[in-house]
Each structure stands twice: as C-alpha cells, then as structure tokens.
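Following this note's numbering, the numbering of the sequence shown begins with 2 at its first residue and continues without gaps. Heads up, the beta-carbon is just placed ideally off N, CA and C, and yes, glycines get one too. Here is the structure we will look at.
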Amino acid sequence: MPVAAIFIIDQLFYALDFFTAGPRLQITVLADDPIQTEGGLRFEVENVGNRPTSLHPVVRAAFITAAGERRDMLFDVQDTDLALPPFTPKTFQATARQVQPERQGVARQYCFDHGDGAAIEIQVD
Numbered sequence: 002m003p004v005a006a007i008f009i010i011d012q013l014f015y016a017l018d019f020f021t022a023g024p025r026l027q028i029t030v031l032a033d034d035p036i037q038t039e040g041g042l043r044f045e046v047e048n049v050g051n052r053p054t055s056l057h058p059v060v061r062a063a064f065i066t067a068a069g070e071r072r073d074m075l076f077d078v079q080d081t082d083l084a085l086p087p088f089t090p091k092t093f094q095a096t097a098r099q100v101q102p103e104r105q106g107v108a109r110q111y112c113f114d115h116g117d118g119a120a121i122e123i124q125v126d
C-alpha cells in the first residue's frame with residue numbers, strides 16, 4: 002500500500018476519533034493547604050476534548066500520613082460556574098470538609114468527577 006494512502010487512512014481515523022471522543026480533562030493541582038479552612042485546594046482544569054462538560058462540585062481525595070495511615074476526605078468546590086467548555090482552562094478553589102494538618106503526607110490522590118459519571122484521578126507526591 003502506498004505511503005500516501007496509509008497517511009490518508011491514518012488521518013481519517015484521527016479525525017473520526019476527535020469528533021466522536023467525549024470530554025477529556027487535564028488537571029493540575031496548584032495548591033493544597035491543609036491548614037487553610039476556606040479554599041485550601043486550588044486546581045486548574047482544562048477540557049481538552051471537543052464537547053463541553055461540567056465539573057461535579059465535590060472532589061474526593063486520599064493520602065498517606067507520615068505515620069503510614071491512609072486517610073480519605075472530601076472537598077467542596079466553591080465556584081458556582083462549573084461549566085467546562087472545550088480548550089478553556091479554568092481555575093477552581095475547594096474547601097475541605099474538615100481540617101487535617103496531617104494531610105502534608107505523601108501519595109496524595111485526587112478524584113475529579115465530570116460529565117456523565119466519568120472521573121479523572123491524579124496523584125501528587
């Protein structure tokens with residue numbers, strides 16, 4: 002098969018995937034202050050998919066304390082506009098439901114829900 006035909010077929014598959022794929026989120030945790038009671042978690046979300054979606058107002062997290070214990074917690078997103086249009090980064094703040102100074106531990110994992118029950122998990126060391 003000629004190289005040009007392979008290239009065209011490859012591009013068609015790429016275009017089909019782009020137009021049928023749902024939202025994909027790129028998330029960066031900017032800050033997680035375990036002492037701050039309001040807005041201690043700051044993060045940036047960008048929908049790198051081609052369809053709009055929205056962020057759910059609760060972020061789940063887990064971490065390992067310095068003593069080696071696993072802890073789970075919830076954050077409430079403070080922003081009211083949780084819409085995530087394609088290719089538009091947005092910064093959010095969330096407040097922990099309880100203050101946990103031991104959250105300075107390692108292996109912090111965050112779970113961000115969006116859209117129709119989809120979730121993105123990221124780990125920060």
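Got a sec, what are the start and stop residues for the beta strand (DSSP E) residue i sits in?
i, result
"Thr96", "91-97"
"Asn48", "42-48"
"Thr29", "26-33"
"Phe76", "71-78"
Give the single residue among the options whose Cα lies nearest to the Cα of residue i.
i, options, result
"Thr92", "Pro3, Leu26, Phe44", "Phe44"
"His57", "Arg109, Thr29, Leu31, Asp77", "Asp77"
"Thr66", "Ala108, Glu39, Gly116, Arg98", "Ala108"
"Gln99", "Asn51, Ser55, Asp34", "Asp34"
"Leu85", "Val46, Pro3, Thr29", "Val46"
"Gly116", "Asp73, Ala5, Arg52, Phe88", "Arg52"
"Gln101", "Asn48, Leu75, Gln94, Pro87", "Leu75"
Between residue i and residue j, which are expected to be in contact by the criterion C-beta below 8 Å, what is the C-beta distance as a whole number of angstroms?
i, j, result
"Thr81", "Gly41", "Going by Cβ atoms, the distance from Thr81 to Gly41 rounds to 19 Å, so no, they are not a contact pair."
"Phe113", "Leu26", "7 Å"
"Ile128", "Ile28", "Look at the range of the chain in this structure, 2 to 126, and you will see that residue 128 is not part of it."
At a Cβ threshold of 7 Å, is residue i touching chain C?
i, result
"Pro3", "No chain C appears in this structure, which consists of one protein chain only."
By the 10 Å Cβ neighbour count, where 16 or more other Cβ atoms means buried, how is residue i classified, buried or exposed?
i, result
"Gly118", "exposed"
"Ala62", "buried"
"Phe64", "buried"
"Thr54", "buried"
"Gly69", "exposed"
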